[in-house]
Structures are given as structure tokens and as C-alpha cells.
Amino acid sequence: MADEPLVLGIETSCDETGVGIVRGHTLLADALASSVEEHARFGGVVPEVASRAHLEAIVPTMDRALTEAGVTLADVDAIAVTSGPGLAGALLVGVAAAKGYAVAADKPVYGVNHLAAHVAVDTLEHGPLPEPAIALLVSGGHSSLLLVDDLAHGVTPLGATIDDAAGEAFDKVARLLGLPFPGGPYIDRAAGAGDPAAIAFPRGLTAAKDLAAHRYDFSFSGLKTAVARWVERRQRAGEPIPVADVAASFQEAVCDVLIGKALDACRSSGVQTLVIGGGVAANSRLRAMAEQRAAKYDIRVRTPRPKLCTDNGAMVAALGSHLVAAGVAPSRLDLPADSAMPLTTVSVTGEE
Amino acid sequence: MLVLVVDSSTPAVIAALVEVTAAGVEMRAQRCAVDARAHGELLAPQVDAVLADLGARPSALGAIVAGLGPGPFTGLRVGLVTAATMGQALGLPTYGVCSLDAVGFPAAAGEPVLAATDARRREIYWAVYDGAGQRIVGPEVSAPAVAAARARDLAVVAAIGDGAHRYAATLELPVADEPRYPLPVALARLAAERIAAGAPGEPLTPLYLRRPDAVAAAGRKSVLP
Ligand SMILES: [Zn+2]
């Protein structure tokens, strides 16, 4: 529909420079530049390297998005940008870019929460999100369980990782197994040929005593150490490492905890919709397990296609479009980048 | 021609509108706020404010000039990304100028001077200018004592800029009061020839002078005793 808002979204919170353009719930463009290869030799994202890459990439990425969508900046109704949480210096490039475009083209700018954008992106694939919904957001930077009662105004955090993010655990185990960075896709591929029940790795924070205080929290540090111990014992004994079995068993342990807790949250809140987002949501076992187990309880799982699960500009545009449609006030031009933006803030409104 | 000038290479966040004509560069409106931690918050409202001062719409601009640094990275990028995105949105050429030149060039008075800004970590960004304001050494980043030794070799008579004030004792040079930070008129003047000639715009590549702090992943530590 032509009267739906045309919104541009800018994402620079980590190592992806993303510019997306949506009209209502329709994706028109999703342009991406990644500095992931520059970080690979460091085994993790180097903030200053990411910030430099964003500055170089933002203008050409914007050009590609506008061309792909067949629109000009003058056509858009609003510009949304991830203003947090994320790497401070990286966020600042995107926020300053959004303001540059906003001032030049005289458009309102919305500073939005990266995690809420991971939820909103699913509307591009599956239409408006039934509320309330439970959202499971898992990536290299975050692992959170949220109750989404009103995506335009506020979400309720239920739990989060108390140590490593789920994606970080994938990266670390991949390194241990001699697989490249980022580890997620390589573990997923290796696991395909392995037995998920070969090794009984621990499920963090699932014992009765842990559940009392951390029902919806995650912990992957103990799992990562358990995998390292298992692999080292083998190495010391001079035995070969069954990479596929280790990958499959590790992946099974991660998915088991994530899905178990997400479905527990759905059932205890009486919620029928589970949205899964973030880079780890691209994991094939996570997607399959979620579908299987949710079916038992009549819970509908919504997971966007893998390209929309990882960080991108389309998710920011999708949230921006939702905010514009809901009549939420835009941000002011002094909008800061907020590396620790709380989950309860969906967007930074200019109102007092 | 109305030209937007921005510089965020020092604690001074600068936005200005200047008129560039055959006769020279004339200041029309400017905002300068000194806050090393708020470049991202301050710059866009300042750009908006200088436009409002003249009742000008962004479409009235003919070019954009940006200070390329050197400067602390995070703040420096704010000015460059602002200039680059506005240039793209408005279809305007963007021109880069070494920010130190806008400190050293206006100080030219017949004798060589050292211009310095704060690089943190007990270092300065610095360059040496001859009596006519031409840069002859730099820009470089180093301890003030290193710059002081080079300045002595080059018969520098005075130091200028925020970094010179901060490390006056080490530099052992008389320090001129002004300019402390890049002068927007000087930034525009240093790009005026390119503006007047309608030269093609340039990508705004920051003068970082330092590599990113990044440590290659070390060998994994054993988890077994
Ligand atoms: Zn993310």
C-alpha cells in the first residue's frame, strides 16, 4: 500500500554495516557490508577495526540500498538507526550518519534498540506480530528472553546470559575444533554429520537449584569449558577428535537449553507465539528443534529467514516502520549512541 | 557559494557556514562547543543551528569542507560521517583538509611554528609550518619531547594549538594564545581553490596516524590441570 510508511534503517552496532528500506511490512532493500574477514585473525570483533569499516562502508551501502529499492532519500518518511546497545564507537558512526541524512533531507530520525529490531524484522516475513509474544534473541553479542507486550513502547526482559553469549560459545568451541571464525555456520555444518547424543555435555542453569534464581537466564561458560576438557583429554590420550560428534553434541546442549527455556516462558505466560532472532537463530538445529517441541504445546514459532536473523539494516527499518505507524515521536538531533541501552527502551523519543 | 564546514578532530566540535567568493572566504554563521565526550550529540544540532541562523535550507549549500584530523578516532569520525552523508544526500562535493593546517596556517607570521593538538596517551598530533603557513613536516603523532626535538632542528619560534598549551613545559617554546582549535575560516580557505575550480569531491579519509588497538588471538590456554 502506497500510504504505508517508507522507512530507511541503518545498523552499525557490531561488524555489519546495514542499510535497509521497507514500506510498511514489505522489504524493498537490504544492503550489507561486513568487516567480518578483518576480524577473523583476532578470533573476535575488534571495535576500532569495525568502526573504521563502518565509516568507509556507509555511503556506498546507502547507495546500493536506494538503488535496490528504487527510491530517493527525498521519498522516505523517516530514518531509523540502531542507537544501542552495541559497540560504542561503531554505533556512533551509524547514529551520526542517520543524523547527516536526516538534516540534509529534512526527515525525522528514530534512535532504536537493536534487540527490539531483531524482533521486528520477523514482521517482514510473517506480517504483524501477535502480542504478547515471547522473543528469544541469540547472537554473538546477546542472549535474551523477552516478553513482547507492545513492540512500539516497551518489552519486558525475562532473562539473559549471565556469562558468554550463545554465539560466543559457538565461536570458542569452533576455535577449539580448528574451525574458522565466526564459528556458528561451521559448527552447524560439522554437526550435520555427527551424533547429537554422542557426548553428554552439561545444560547450564537447568538444575532445580539454579532454576529458582535463574529460570530464564542462560549460562554457556560451563558448557564451553566442558567441551574444552573433553577435547583436551582426548588429545592427551593421543586419540583423534571426533569433530562432527563434538559439534553435534555441543550444539544439541545449546539448543536444548535455549528452546527449553523459551517454551517454558511461553507456557508460563500463556503466550502462543515464539519469535526467534539473532545470528544463532540461523542455526538449523535450533530452528528444527523449536518447531518440533513447540508443536506439542500449540505454540507458533516465527523465525525469519537466516539472512534476516543476522544483523542488518532491514530489521532497523522494520522497527522504524512499526514506530511510525504507531505514532511514536521521533528522537531529537542530539540523540546519543548508547552502548548499554536497556531493553526496556524500544526507541529514544524526543518527548520528555 | 555557501559552504558548510565541519571539524570534530579536537575537543572543539565545529560547524560553520562560510561564503566562498572570488574575493575570499567570509564567515556567515558558526557554532563551536568544547566537549571532548559529546561530538556525536553536538554536531548535528550545530549544523541545524547554523543553517537556521541564515534561514538557509540545506539545498542552498554548494560544497562541504571537513577537517580530516588527525584526532582521537571516535570523535573525528563524527565530523567525517556527517560531511560524507550530507554530501551524498545533497549531491554535493566534499573536500578534506588536514585539521592541523587550520591551526598552523592562520598562525603564519614569517617564522616557522609548531601546531599541536592533544592525541591523549601523553602524545600530541603535530606538524611544523613555515613562515608562509605551508606545512613542512607532519602530521605526526608522538610524545611531546619528540616533537620538541624536531621543532628545535627546524628553528621553530613558537607553538600553537590545544596540544601546545597542554605540553608547553615539554615543548619549551612560547605558546601563542590563538587559535587553540582548527579555525573554520582557515579550513574553508585551504579548500577554496578546489571549491572555486569546481574540483571533483574527494572521499573523506581520516588521518588516523595510529593503527587500531587489536591483539591477535593468542594460543589457547589449557583447561586441564
Ligand atoms: Zn544483533
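Protein chains in written order, with the numbering used here: chain A, -14 to 337; chain B, 236 to 460.
Think of the CB as a built atom: it goes at the ideal place given N, C-alpha and C, for glycine as much as any other residue.
{"Item": "Element boundaries [beta strand (DSSP E), containing aspartate 353(B)]", "Value": "348 to 353"}
{"Item": "Residue-chain proximity (methionine 338(A), chain B), Cβ-Cβ < 8 Å", "Value": "In this structure chain A extends from -14 to 337, so residue 338(A) is not present and cannot be described."}
{"Item": "Residue range of the unbroken beta strand (DSSP E) whose run includes serine 19(A)", "Value": "11 to 19"}
{"Item": "Whole-Å CB distance - leucine 237(B) paired with leucine 315(B), under 8 Å assumed", "Value": "Not quite, the Cβ-Cβ distance comes to about 20 Å (not below 8 Å), so this is no contact."}
{"Item": "Cut-off 6 Å between Cβ atoms - residues of its own chain near valine 282(B), not counting five sequence neighbours on either side", "Value": "Ala250"}
{"Item": "Simplified DSSP assignment, three categories, for glutamine 277(A)", "Value": "helix"}
{"Item": "C-beta atoms of leucine 248(A) and alanine 279(A) nearer than 8 Å", "Value": "yes"}
{"Item": "For cysteine -1(A), the nearest candidate out of Leu130(A), His138(A), Val78(A), Val256(A) (CA to CA)", "Value": "Val78(A)"}
{"Item": "Residues bridged to tryptophan 361(B) [DSSP beta-bridge criterion]", "Value": "Ala351(B), Glu375(B)"}
{"Item": "Against chain A: residues of the stretch 302 to 334 of chain B by CB proximity under 7 Å", "Value": "Phe308, Thr309, Arg312, Val313, Leu315, Val316, Thr317, Ala319, Thr320, Met321, Gln323, Ala324, Leu325"}
{"Item": "Given leucine 444(B) as reference, the closest of Pro347(B), Trp361(B), Leu289(B), Glu346(B) once Cα atoms are compared", "Value": "Trp361(B)"}
{"Item": "7 Å CB neighbourhood of alanine 176(A) in its chain, flanking five on each side removed", "Value": "Ala229, Ala232, Ala233, Gln236, Arg270"}
{"Item": "The beta strand (DSSP E) enclosing aspartate 135(A), as first and last residue numbers", "Value": "128 to 135"}
{"Item": "Assumed close pair alanine 16(A), glycine 207(A) - CB separation to whole angstroms, cut-off 8 Å", "Value": "So it is not a contact: roughly 40 Å between Cβ atoms."}
{"Item": "Classification of threonine 329(A) by the beta-carbon crowding that lies within 10 angstroms, buried from 16 upward", "Value": "exposed"}
{"Item": "Closest by C-alpha distance to alanine 213(A), when choosing among Leu109(A), Leu(-9)(A), Gly163(A)", "Value": "Gly163(A)"}
{"Item": "Ligand 1 heavy atom lying under 7 Å from the CB of glycine 263(A)", "Value": "yes"}
{"Item": "DSSP-derived helix/strand/coil call for alanine 453(B)", "Value": "Note that alanine 453(B) scores 48 on pLDDT, short of 50, meaning its location in the model is unreliable and no value can be drawn from it."}
{"Item": "Neighbour list for valine 88(A) in chain B, Cβ cutoff strictly below 7 Å", "Value": "Ala279, Val282, Asp283, Pro293, Met321"}
{"Item": "Interface partners of proline 321(A) on chain D, CB under 7 Å", "Value": "No chain D appears in the structure shown, which is made up of the protein chains A and B."}
{"Item": "Per-residue contacts from serine 36(A) into chain B (C-beta, under 8 Å)", "Value": "Phe308, Thr309, Arg312"}
{"Item": "Rounded straight-line distance, which links the Cα of proline 187(A) to that of methionine -14(A)", "Value": "Here methionine -14(A) scores only 49 on pLDDT, less than 50, and its place in the model is too uncertain to base an answer on."}
{"Item": "According to DSSP, residues forming a beta bridge with isoleucine 299(B)", "Value": "Leu239(B), Thr329(B)"}
{"Item": "Straight-line Cα distance separating glutamine 257(A) from aspartate 283(A)", "Value": "7 Å"}
{"Item": "C-beta neighbour in chain A for alanine 449(B), strict 8 Å", "Value": "yes"}
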